[in-house]
Amino acid sequence: RMSMESDTSLFGVIRSPPENLEERGKRPKSESESEPKPELEPEPKSELEPEPKPKPERKPKPAWELKRVNDLTLSDFSMYDDDIKPFGFMCAKFYYRNKAQIQKDNEYEAAIADYKKRSRGLSVYDAITPPRIA
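Following this line, the structure appears as structure tokens:
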């Protein structure tokens, strides 16, 4: 049987009355949620000194972006030759790659060739190297 002193909504769960919890410095959730928490007041901002918003500087578009694709030539991309970032552009007439893109493509092709060389004669199930037989 449940005692009349227990404050519970679930059968079989006995919880001590709220008076005992308050004496121990604890309160049930329903009481602690109803108490307003002290809020810190935000610092008032003076309206006389508005914060200056920096305008983002727009980079001017490269000349090749302003031309039609059919009018482009390889010389339009010469500004990217020594760029650190790989850059490539392909159209119907040509395929431009800067030095960084050429190096990246060469490394990729070498990695693929090495993979193909090492994986010759292996089946799909040869995911690990076979153990050495002594």
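In UniProt numbering, the protein residues as written are 1 to 134. The beta carbon of each residue, even a glycine, is placed where N, CA and C say it ideally should be. Please read all numbers here as calculations on a predicted model, not as lab measurements.
- Out of E109, K93 and F87, the CA that lies nearest to the CA of K99 is found in F87.
- Taking 9 angstroms as the cut-off, the beta carbon of L66 is found no closer than this to the beta carbon of F94.
- When beta bridges are read from the DSSP output, G88 appears opposite R97.
- The continuous alpha helix (DSSP H) containing L66 extends over residues A63 to L66.
- Within the same chain, Cβ atoms closer than 8 angstroms to the Cβ of M79 are found at P62, the five residues on either side in sequence being excluded.
- If the five residues before and after V69 are omitted, its C-beta is found closer than 6 angstroms to the C-beta atoms of C91, all from its own chain and listed in chain order.
- Collapsing the DSSP output to three states places D126 in coil.
- For I102, the closest C-alpha among the options R118, S119 and D83 is that of D83.
- Sequence-distant partners of D76 (beyond 5 residues in either direction) whose C-beta falls short of 6 angstroms from its own C-beta, in its chain, are W64.
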